[in-house]
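Okay, here's the thing in structure tokens:
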């Protein structure tokens with residue numbers, strides 16, 4: 040982290056609402072890199088607040104969400120997407136004029152709507168989505184390098200001040216992320232295929248495997264190294280967060296799931312009718328895509344993601 | 040690897056046919072642990088044989104598959120499942136009486152049929168499936184610890200000599216694997232859900248993402264850390280191997296895919312009808328399964344499979 044510590048902070052006062060994996064990671068990187076003079080952390084849960092204090096994520100941790108935003112320049116909502124409206128209502132009257140309100144939600148259309156509906160016009164709304172995370176939740180799960188070389192997508196409404204977008208851009212760059220901008224609508228479509236539908240089918244196959252009668256659950260677990268275990272990682276992600284994602288990006292998810300289902304029906308037919316060439320062609324094409332992802336630094340080239348216990352000799 | 044080197048080899052002469060990821064890993068571990076006095080490696084490809092010599096996987100590497108099995112005690116076919124019959128025909132007349140013929144295929148019913156049809160009754164057939172691998176192929180991809188703490192499933196036909204099954208069991212134990220026995224039919228059902236269908240849906244979603252018009256391929260690659268990249272690993276697996284798996288385990292794959300599709304339709308419906316409780320319940324259940332897989336040593340507990348570049352501070 041050294042060498043990237045700012046001499047002058049970007050903001051006087053930042054408030055992070057929700058001290059989970061993302062919120063606590065933001066708190067860590069903001070502290071480590073001196074991104075604000077004051078960092079206030081807020082969470083409804085007394086247990087989470089207590090833990091944040093023990094972890095020394097900030098000297099200012101509170102359960103009082105409304106009070107936490109007072110005099111704050113930059114407020115980042117790190118709560119499940121479905122909680123956005125409630126938090127917006129709670130903080131609306133306490134925001135100072137000119138404050139920038141942002142978030143980290145995996146869905147943007149619904150978040151923009153909720154924020155625009157409930158926040159005063161005196162604040163600037165600059166929604167953001169850092170495409171980063173792990174399968175773990177809570178304040179202990181966060182770490183300061185979570186956003187390093189990951190993409191963060193900003194979806195500012197058209198009437199947002201350019202200078203405020205630039206500030207949020209600078210904030211995420213300082214966190215180690217690459218920043219991209221697009222409309223909320225396009226974001227929701229892109230993430231439906233790169234994140235939401237993958238999670239959906241991972242949750243689904245893990246559920247299917249758990250419910251079989253002919254194959255016992257202990258066999259599924261034992262022989263999971265054949266491929267199944269890869270899916271269990273994202274199927275272990277936070278249930279509340281993902282419930283909210285699917286309910287708040289319904290149209291794009293159902294659209295992309297429709298494509299997936301069409302393709303799967305075609306693939307199923309290839310197997311039934313022994314279309315060896317068709318299968319080989321598809322499997323060759325998919326191999327190339329991973330190479331591009333590795334080349335662009337979004338994935339490790341290490342076999343099996345480099346996970347233990349086995350390690351190549353070379 | 041130290042401490043596990045045998046004083047006396049298990050076999051006088053082993054022949055490994057097919058020097059890919061699995062064959063070359065077997066060659067490495069057999070050499071390192073002194074599992075045979077002589078290890079012969081055979082592959083149809085002159086390029087692969089050349090590379091095996093350069094890697095010093097064995098002092099005996101040949102393109103002559105028929106000759107490679109002469110006087111051999113233990114022959115392991117490490118070829119795509121669809122090549123089993125051809126290899127069996129080629130080696131049949133050259134096998135010595137009492138030799139044990141095994142394989143490492145991901146499908147067992149079709150392999151047993153092919154071996155029983157083409158091999159003389161004077162040899163013993165003990166099919167095996169080590170549930171281990173990576174997304175890479177070829178002699179360079181192998182490593183001697185690939186089978187460490189992985190399961191290897193034996194599916195001996197009913198008329199097999201008990202002593203021969205024990206020898207193959209001992210071989211895989213010496214390779215570091217845990218050994219389990221079941222019928223070929225049950226194996227094919229278990230692996231359909233723990234390996235074949237997961238690969239199928241991974242291949243499928245990577246294909247779907249590649250074919251979209253509204254979302255560019257470069258966006259899919261950029262934002263793949265949202266979940267999609269996890270699927271690209273197994274979708275980068277060997278195309279020939281996987282084509283053969285699906286064509287040779289058609290019934291079980293289509294059966295398990297049917298279950299997957301039913302469940303996915305139900306999940307799709309939950310999203311469409313805002314069934315928040317149903318989604319939450321499923322996502323909570325799937326989280327528990329990963330914990331069991333980790334507890335049983337088949338997966339790493341490290342966030343994001345422990346892959347770089349980001350690493351937790353703690």
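Chains as they are written, first to last, in the numbering used here: chain E, 40 to 353; chain D, 40 to 353. Beta carbons are placed, not taken as given, at the ideal position from N, Cα and C, and that holds for glycine. A quick note: this is a predicted structure, and the numbers were derived from the prediction, not measured.
- Message: So within the stretch 201-226 of chain D, which uninterrupted alpha helix (DSSP H) runs reach at least 4 residues, ignoring any that extend past its ends?
- Response: Every alpha helix (DSSP H) of 4 residues or more that sits fully in the stretch 201-226 of chain D is shown, in chain order, as 201-213.
- Item | Where residue 109 of chain E meets chain D, residues with beta-carbon distance less than 9 Å | Those do not exist, as residue 109 of chain E stays about 30 Å from chain D at its closest Cβ, beyond 9 Å.
- Task: Identify every run of the alpha helix (DSSP H) within the stretch 312-348 of chain E, keeping only runs that are complete inside it and at least 4 residues long; order them along the chain.
- Result: Along the stretch 312-348 of chain E, the alpha helix (DSSP H) occurs as fully enclosed runs of 4 or more residues at 315-334, listed in sequence order.
- What residues from chain D crowd round residue 119 of chain E, counting only those whose CB sits closer than 8 Å? Going along chain D, no residue has its Cβ under 8 Å from residue 119 of chain E, so there is no contact; the nearest lies around 11 Å.
- Query: Between residue 76 of chain E and residue 119 of chain E, which are expected to be in contact by the criterion C-beta below 8 Å, what is the C-beta distance as a whole number of angstroms?
  - Reply: So it is not a contact: roughly 29 Å between Cβ atoms.
- Under 9 Å Cβ-Cβ, which residues of chain E neighbour residue 345 of chain D? Scanning chain E for C-beta atoms nearer than 9 Å to the C-beta of residue 345 of chain D yields 344, 345, 346, 347, reported in chain order.
- Message: Please report whether the beta-carbon of residue 229 of chain E lies at a distance below 8 Å from any beta-carbon of chain D.
- Response: Interface residue, yes.
- Please check if any C-beta of chain D sits within less than 8 Å of the C-beta of residue 212 of chain E. It does not; no Cβ of chain D falls within 8 Å.
- With 8 Å as the threshold, decide whether the Cβ of residue 350 of chain E is near any Cβ in chain D. In this prediction, residue 350 of chain E scores a pLDDT of 49, lower than 50, which makes its location untrustworthy; no coordinate-derived value is stated.
- Message: Quick check: is the beta carbon of residue 41 of chain D nearer than 8 Å to any beta carbon in chain E?
- Response: In this prediction, residue 41 of chain D has a pLDDT of 43, which is less than 50 and means its spatial position is unreliable; nothing more can be read from the coordinates.
- Contact set between the stretch 307-333 of chain D and chain E, restricted to residues whose Cβ is under 7 Å from the partner: Within the stretch 307-333 of chain D, the residues whose Cβ lies closer than 7 Å to some Cβ of chain E are 307, 310, 311, 313, 315, 318, 319, 321, 322, 323, 324, 325, 326, 328, 329, 331, 332, listed in chain order.
- Thinking just about the alpha-carbon of each residue, which of D:240, D:155, D:315 is nearest to the one in residue 127 of chain D? For the residues D:240, D:155, D:315, the minimum Cα distance to residue 127 of chain D belongs to D:155.
- Message: Using the three-state DSSP reduction, which class does residue 138 of chain E fall into: helix, strand or coil?
- Response: In the three-state reduction of the DSSP assignment, residue 138 of chain E falls in the coil class.
- Determine which residues of the stretch 285-300 of chain E have a Cβ less than 7 Å from any Cβ of chain D, and write them out in chain order. From the stretch 285-300 of chain E, only 285, 286, 289, 292, 293, 296, 298, 299 have a Cβ closer than 7 Å to chain D.
- Query: Checking contacts by CB at 8 Å: is residue 279 of chain E closer than that to chain D?
  - Reply: Output row for residue 279 of chain E: interface = yes.
- Query: Is it buried or exposed for residue 323 of chain D, if we count other Cβ within 10 angstroms and need 16 for buried?
  - Reply: Of the other Cβ atoms in all chains shown, fewer than 16 fall within 10 Å of the Cβ of residue 323 of chain D; this residue is therefore exposed.
- Query: Cα separation between residue 2 of chain E and residue 313 of chain D?
  - Reply: Outside the shown range of chain E, which is 40 to 353, sits residue 2 of chain E, and nothing can be said about it.
- Message: So for residue 171 of chain E, helix, strand or coil by DSSP?
- Response: Coil, per DSSP.
- 6 Å CB neighbourhood of residue 106 of chain E in its chain, flanking five on each side removed: Excluding positions up to five away in sequence, the list is empty.
- Query: Between which two residues does the alpha helix (DSSP H) harbouring residue 123 of chain E extend?
  - Reply: Start and end: 123-130.
- Query: Are any of the Cβ atoms in chain E nearer than 8 Å to that of residue 216 of chain D?
  - Reply: So no, residue 216 of chain D is outside the interface.
- Tell me, which residues are paired with residue 191 of chain E by DSSP? DSSP, once it has assigned bridges, lists E:169, E:218 as partnering residue 191 of chain E.
- Item | is_contact[residue 143 of chain E, chain C] using C-beta, thresh 8 Å | Checking the listed chains, one finds no chain C in this structure; the protein chains it contains are E and D.
- DSSP three-state assignment for residue 75 of chain D, whether helix, strand or coil: Strand.
- Terminal residues of the alpha helix (DSSP H) in which residue 52 of chain E lies: Here residue 52 of chain E belongs to no alpha helix (DSSP H); instead the beta strand (DSSP E) covers 50-56.
- Message: According to DSSP, residue 260 of chain D sits in a beta bridge with which residue or residues?
- Response: According to DSSP, residue pairing for residue 260 of chain D in a beta bridge does not occur.
- Item | Beta-carbon separation (whole angstroms), residue 288 of chain D vs residue 146 of chain D, contact threshold 8 Å | Between residue 146 of chain D and residue 288 of chain D the Cβ distance is about 4 Å, and since that is below 8 Å, they are a contact.
- Task: Check the Cβ of residue 45 of chain D against every Cβ in chain E and list those closer than 8 Å, keeping chain order.
- Result: Within 8 Å Cβ-Cβ: nothing; residue 45 of chain D doesn't reach chain E, min ~19 Å.
- Message: Would the stretch 289-302 of chain E count as touching the stretch 237-249 of chain D if we require 3 or more Cβ pairs under 8 Å?
- Response: Taking 8 Å as the limit for Cβ pairs, the verdict is that the stretch 237-249 of chain D does touch the stretch 289-302 of chain E.
- Query: So, do the stretch 273-281 of chain D and the stretch 164-178 of chain D have three or more beta carbon pairs nearer to each other than 8 Å?
  - Reply: Taking a contact to require three or more Cβ pairs closer than 8 Å, the stretch 273-281 of chain D and the stretch 164-178 of chain D qualify as touching.
- First through last residue of the alpha helix (DSSP H) which encompasses residue 101 of chain D: DSSP places residue 101 of chain D outside any alpha helix (DSSP H); the residue lies instead in the beta strand (DSSP E), whose first and last residues are 99-101.
- Query: Does the Cβ of residue 242 of chain E lie closer than 7 Å to at least one heavy atom of the ligand COA?
  - Reply: For the ligand COA, the structure offers nothing, since it holds no ligand at all.
- Task: Would you be able to state if there are at least three C-beta pairs under 8 Å between the stretch 82-91 of chain D and the stretch 51-60 of chain D?
- Result: Enough Cβ pairs lie closer than 8 Å, so yes.
- Message: What does the Cβ neighbour count give for residue 183 of chain E, buried or exposed, with the cut at 16 atoms within 10 Å?
- Response: By the neighbour-count criterion, in which a residue is buried when 16 or more other Cβ atoms sit within 10 angstroms of its Cβ, residue 183 of chain E is buried.
- Message: Tell me the rounded alpha-carbon separation between residue 207 of chain D and residue 333 of chain D.
- Response: Straight-line Cα distance between these residues: approximately 28 Å.
- Query: Looking at residue 194 of chain E and residue 267 of chain D, is the spacing between their C-beta atoms short of 8 Å?
  - Reply: No, these two residues do not count as a Cβ contact at 8 Å.
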